[in-house]
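Undergrad: Protein chains in written order, with the numbering used here: chain F, 18 to 387; chain V, 48 to 567.
Heads up, the beta-carbon is just placed ideally off N, CA and C, and yes, glycines get one too.
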Amino acid sequence: MKKLGLIVNPVAGMGGRVGLKGSDGIEILEKARQMGAQPESPRRAVEALKAITSAVKDIEILTYSHEMGEDEAREAGLNPKVIGTIESGATTPEDTIRAARDMKEQKVDLLLFAGGDGTARNIYAAIGPSIPVLGIPAGVKIHSAVYAINPRSAGEAAVLYLQGQAVNIREAEVMDIDEEAFRAGRVSAKLYGYLRVPELKKFVQSVKSGARSEKAELEGMAAYVIANMEPNVLYIIGPGTTTRSIMEQLDLPNTLLGVDVILNRQVVANDVGEEELYRILGNHPAKIVVTAIGGQGHVFGRGNQQISPRVIGKVGKDNIIVVASKDKLVALQPSPLLVDTGDPELDRELSGYVRVITGWEDMVMYRISS
Amino acid sequence: MGRDPQTLLRKFHQARWDEPIIFELSVPGERGILVPQAEPEVVQEVGNGVGVLPGFLQRKKAPALPEVNQMRVNRHYYHLSQETLGTDVTIDISQGTCTMKYSPKVQEHIASRHPGITEVHPLQDPCTMQGILEIYYKVEQFLKEVSGLDYFTFQPGGGAHAVFTNASIIRAYHEARGDRKRTEIITTMFSHPCDAATPNTVGFKVITLMPDESGYPDLEAMKAALSERTAGIMITNPEDTGIYNPRIEEYVRAAHAVGAICSYDQANANAVLGIARAREAGFDLCHFNLHKTFSAPHGSMGPATGATGVKEFLAPYLPVPRVEYDGQKYHLNHNYPESIGKVRSFFGNFNVVLKTYMWIMQHGAAGLKEAAICSVLNNNYMQKKIAQIPGVVIRYAEGKRRLEQVRYSWEKLYEDTGCGTDDVNRRLVDFGIEHYWTSHHPWVVPEPFTLEPCESYNKDDIDEYVAVLKEISREAYEDPEFVKGAPYNAASHKPLHPAIDDPELIFVSWRQYQKKKGSK
Chain F
18 MKKLGLIVNP
28 VAGMGGRVGL
38 KGSDGIEILE
48 KARQMGAQPE
58 SPRRAVEALK
68 AITSAVKDIE
78 ILTYSHEMGE
88 DEAREAGLNP
98 KVIGTIESGA
108 TTPEDTIRAA
118 RDMKEQKVDL
128 LLFAGGDGTA
138 RNIYAAIGPS
148 IPVLGIPAGV
158 KIHSAVYAIN
168 PRSAGEAAVL
178 YLQGQAVNIR
188 EAEVMDIDEE
198 AFRAGRVSAK
208 LYGYLRVPEL
218 KKFVQSVKSG
228 ARSEKAELEG
238 MAAYVIANME
248 PNVLYIIGPG
258 TTTRSIMEQL
268 DLPNTLLGVD
278 VILNRQVVAN
288 DVGEEELYRI
298 LGNHPAKIVV
308 TAIGGQGHVF
318 GRGNQQISPR
328 VIGKVGKDNI
338 IVVASKDKLV
348 ALQPSPLLVD
358 TGDPELDREL
368 SGYVRVITGW
378 EDMVMYRISS
Chain V
48 MGRDPQTLLR
58 KFHQARWDEP
68 IIFELSVPGE
78 RGILVPQAEP
88 EVVQEVGNGV
98 GVLPGFLQRK
108 KAPALPEVNQ
118 MRVNRHYYHL
128 SQETLGTDVT
138 IDISQGTCTM
148 KYSPKVQEHI
158 ASRHPGITEV
168 HPLQDPCTMQ
178 GILEIYYKVE
188 QFLKEVSGLD
198 YFTFQPGGGA
208 HAVFTNASII
218 RAYHEARGDR
228 KRTEIITTMF
238 SHPCDAATPN
248 TVGFKVITLM
258 PDESGYPDLE
268 AMKAALSERT
278 AGIMITNPED
288 TGIYNPRIEE
298 YVRAAHAVGA
308 ICSYDQANAN
318 AVLGIARARE
328 AGFDLCHFNL
338 HKTFSAPHGS
348 MGPATGATGV
358 KEFLAPYLPV
368 PRVEYDGQKY
378 HLNHNYPESI
388 GKVRSFFGNF
398 NVVLKTYMWI
408 MQHGAAGLKE
418 AAICSVLNNN
428 YMQKKIAQIP
438 GVVIRYAEGK
448 RRLEQVRYSW
458 EKLYEDTGCG
468 TDDVNRRLVD
478 FGIEHYWTSH
488 HPWVVPEPFT
498 LEPCESYNKD
508 DIDEYVAVLK
518 EISREAYEDP
528 EFVKGAPYNA
538 ASHKPLHPAI
548 DDPELIFVSW
558 RQYQKKKGSK
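Below, the structure written as structure tokens:
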């Protein structure tokens, strides 16, 4: 018998329909309610849970009371074990955190949660990458890559994982945007960390195609970037698991969420801020290695703001190396890769076609747009 | 009895045998054939027959072959064959991109029985195999006409092998001119993956173009990728989507403008036989899979032929030997110093070239064109019917006609019912239909399936195939769990994906199986 943890953030997504760009914070939530917002999250959670109903005899569902999971599970025809209670109609982020910790303690095999970026952050804060999780997309902001494409595929993937049919786990970004700044028209995104998520079936190859795994592709990609590294050139390595594979292959200490700088295959500095990066750069020849961060394909301006317009300007457009797996690009298409450096003119300059390195001597022409 | 005339659905049940591996059937000393003893005169002349071999080539121990009597061997392979589905058993519209057309049995009969073919050794003096060389020569003349190109080789043993040969020729051409900067090949996401993989093996960097919103390879992206470093473009048209790119000339012209060579992957040329030629589209090289378009069987990764064709200026680089005719006799000419050399031993799989010869001779030029027209007509009829099945989505090129195949999508069915393409695929077998081809990796079209009703199938075949898909769609909407539990009537059930993808669980020989299982 496998254990599935279930957390529904019942207020996720309420701000979206009334144009409030998020639902974080009690005041905004109140405002959303006044503007007539209806809860979106429970409905989407039920949709995901219906995909689990068929396999329920092998799965025990652990959740919190009322609208935080119990109600949704029952509506989907499931009979959950309630391991904690909430005050109905007044859930808070602390409830999510408490529930996530309880479920970790109960050793659930997978934690399924419905929410948005704020919910993902809460889960990450509570339990980090300790147990596999999977998000049912229900929030206004879905910049994090921990969510399935839609509620049903979240449920399907959960079943596949618990049945041992999707055994691969990937690290997926938890990102969030400062909602207050966002409402004021500024985007300030931060990469908070990585959660462990089962690989979804959607874009995994079928039996016959015999394609290489994403891991092998990343190893080839990293080896190719390294083989082409020039002596006496600074390499600014942006955040993310894709770029981290380069540092790992070089056997160098690195910061998953930050920016590292290397020269002649040695670390110059780890986790640099913008000021420090600009100072190190001086007039040294340099290259920037970045990947698409988050679910929307940003190469600049989300989670790597340390690489600022003046840094990019100094390094030069031709010295930007973009790396990504083919799976990531396929999941993104037909949308372009995005740049949002904060300098509209630079964004325009960076737009156009770029050779994204996808493997050993293997590239895809992909469009960048602002 | 027979198929339900109303629904067109069959009641099918496949045989399921608990058949062991043939090595497990081995009984020491049991024999399938008692080999006759050599006559004394022969023994006197050659001794025991192996004594002439140097010691290091002689086995110390007999090979560990299965020792099984003939009748049991026969039963063994009949059991296995009953657990498979293929073109001779089912309506094989399933294997889109593969062109599973009928291979007339008379072709197989002659290829496998005619002593002029079965009793010939490729090292014989060419003057003793003039008939075989004549067939090579004549098929080359046919394919020159079909493609508009100037020379062909039949050495490559398959389609990807021919694309590898093409990439090697492109490299040799630039090298011969002293142009060593050209290190890049451009291909497209919907071309066969060998158009990326084989140039990579040859040593090129490969740049792939994504489809644009209409499903064509992104021309602007290609223009951005082209430079003095581009050695060539290697693309398909129509691509796996079945969409013909009417602006192909622009792509070729843009590539030529920077000095790149244009190679046309025509593995599946079924839609354009006698209609459109590589030369008119401006290509410098092409290749045909004789085991698709020209009716020879695929042979289960066995004997196949990828015929590579080139324009005159690339002819010096073709593999040797080349078959030539001086007006009286056919020759094998090895004397091409700039040749890329051999890509396969001797001169390729003759039996495939022979079947191609017979197929073309049976059809004539008009027949080839008619085959292309029928294959496109069949596909258009089938697409129209499949488009009406609930749950099916057809991406790209809305309102435009496809050529010989279509990459469909069960995206909507998956969203509505949770049954995806793998679920439908498993259910197909319950109606006596072979598993269909989904898509090459990665799945750009979600929940894909690719069908190709080439000219061999008639309206009744197509109607039955469509009826099966329609029935599975109905089942998925009414009882998705039932579809997910399929197959119910097949030889093998639901193999788990990790088990198939895990190299540790794949054994390609009995010795490897024993080694990995640790039994020896």
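1) Over the uninterrupted alpha helix (DSSP H) stretch that includes F/Met-52, give me the two end residues.
2) In terms of residues, what are the limits of the beta strand (DSSP E) holding V/Met-281?
3) Measuring alpha carbon to alpha carbon, tell me which residue in F/His-160, F/Leu-177, F/Val-176, F/Thr-136 is nearest F/Ala-206.
4) In or out: F/Gly-318 buried (at least 16 other Cβ within 10 Å) or exposed?
5) Going along chain F, which residues have a C-beta under 8 Å from V/Lys-252?
6) Specify, as a first and last residue, the run of the alpha helix (DSSP H) that V/Tyr-404 falls within.
7) How about the region 236-243 of chain F and the region 209-217 of chain F: do they share at least three Cβ pairs that are nearer than 8 Å?
8) List in chain order: all unbroken alpha helix (DSSP H) runs of 4+ residues lying wholly within the region 261-291 of chain F.
9) Please name the residue, chosen from V/Gln-117, V/Pro-258, V/Ile-80, V/Phe-189, that lies closest to V/Met-405 on a Cα-to-Cα basis.
10) Report yes if the CB atom of F/Val-332 is closer than 7 Å to the CB atom of F/Ala-286, and no otherwise.
11) Could you list the residues in the region 251-278 of chain V with a C-beta less than 9 Å from some C-beta on chain F, going in chain order?
12) Output, in chain order, the set of chain V residues within a Cβ distance shorter than 7 Å of F/Ser-368.
13) Run through chain F and tell me which residues come within less than 8 Å of V/Ile-491, C-beta to C-beta.
14) Compare the C-beta of V/Glu-528 with all C-beta atoms of chain F and state if any pair is closer than 7 Å.
15) My assumption, with CB atoms under 8 Å, is that F/Leu-177 sits in contact with F/Leu-21. Please give the rounded CB distance.
16) Looking at C-beta atoms only, is the number of pairs between the region 225-244 of chain V and the region 255-270 of chain V that lie closer than 8 Å three or more?
17) Roughly how many whole angstroms lie between the Cα atoms of V/Gln-91 and V/Ala-209?
18) Is F/Ala-228 helix, strand or coil by DSSP?
19) So, is the C-beta of V/Asn-247 closer than 7 Å to a C-beta in chain F?
20) Can you look up V/Cys-333 in the DSSP assignment and give me helix, strand or coil?
21) Tell me which residues share the same chain as V/Met-429 and place their Cβ nearer than 6 Å to its Cβ, disregarding the 5 neighbours each side in the sequence.
22) For the region 46-72 of chain F, which residues have a CB atom closer than 7 Å to at least one CB atom of chain V, in sequence order?
23) Go ahead and pull the three-state DSSP assignment for F/Phe-220.
24) What separation, rounded to the nearest whole angstrom, lies between the Cα atoms of V/Pro-83 and V/Gly-96?
25) Quick one: give me the first and last residue of the alpha helix (DSSP H) that F/Gly-132 is part of.
26) Give the range of the alpha helix (DSSP H) segment to which V/Thr-54 is assigned.
27) Does the CB of V/Gly-465 have a neighbour CB from chain F at under 7 Å?
28) Anyone know if the C-beta pair for V/Lys-339 and V/Thr-200 falls short of 7 Å?
29) To the nearest angstrom, how far is the alpha carbon of V/Ser-141 from that of V/Gln-452?
30) Do you know whose CA, among V/Ile-480, V/Pro-493, V/Glu-481, V/Phe-478, lies nearest V/Trp-568's CA?
31) Tell me where the alpha helix (DSSP H) around V/Pro-162 begins and ends.
32) Give the DSSP-derived three-state secondary structure of F/Ala-189 in the structure shown.
33) Beta-carbon within less than 7 Å of V/Tyr-184's beta-carbon, same chain only, minus the 5 sequence neighbours each way: which residues are those?
34) Applying the 10 Å Cβ sphere with the 16-neighbour rule, what's the burial state of F/Ser-170?
35) Which residue or residues does DSSP assign as beta-bridge partners of F/Asp-379?
36) Taking 8 Å as the threshold, find out whether the region 166-178 of chain V comes into contact with the region 310-330 of chain V through three or more Cβ pairs.
TA: Taking the definition as stated:
1) No alpha helix (DSSP H) contains F/Met-52, which DSSP labels as neither H nor E.
2) 277-283
3) F/His-160
4) buried
5) Glu-378, Asp-379, Met-380
6) Taken as a continuous stretch (DSSP letters only), the alpha helix (DSSP H) holding V/Tyr-404 covers 397-433.
7) no
8) none
9) V/Phe-189
10) no
11) Phe-251, Lys-252, Val-253, Ile-254, Thr-255, Leu-256, Met-257, Pro-258, Asp-259, Glu-260, Asp-265, Glu-267, Ala-268, Met-269, Lys-270, Ala-271, Ala-272
12) None at all; the shortest Cβ gap to chain V is about 12 Å.
13) It is worth fixing the name first, because residue 491 of chain V is Val in this sequence and not Ile. Val-347, Gln-350, listed in chain order.
14) Yes, V/Glu-528 counts as interfacial toward chain F.
15) Between F/Leu-21 and F/Leu-177 the Cβ distance is about 12 Å, and since that is not below 8 Å, they are no contact.
16) With the cut-off at 8 Å, the region 225-244 of chain V and the region 255-270 of chain V touch.
17) 47 Å
18) With a pLDDT of 43 at F/Ala-228, under the threshold of 50, the modelled position of that residue is not reliable, and the figure given next carries that caveat. Per DSSP, reduced to three states, the secondary structure at F/Ala-228 is coil, with no helix or strand assignment.
19) yes
20) strand
21) Cβ neighbours of V/Met-429 within its own chain (closer than 6 Å, five residues either side excluded): Pro-500, Ile-509.
22) Ala-68, Ser-71
23) Caution applies to F/Phe-220, whose pLDDT of 37 falls short of 50 and renders its modelled position unreliable; the value that the coordinates give is listed next. In this structure, F/Phe-220 counts as coil in the three-state DSSP scheme.
24) 14 Å
25) Here F/Gly-132 belongs to no alpha helix (DSSP H); instead the beta strand (DSSP E) covers 127-132.
26) The continuous stretches of alpha helix (DSSP H) do not include V/Thr-54, and DSSP gives it neither H nor E.
27) yes
28) no
29) 10 Å
30) With chain V covering only 48 through 567, there is no way to say anything about residue 568 of chain V.
31) 162-165
32) strand
33) Val-370, Tyr-372, Tyr-377
34) buried
35) F/Gly-376, V/Val-253
36) Contact between the region 166-178 of chain V and the region 310-330 of chain V is absent, because fewer than three Cβ pairs lie under 8 Å.
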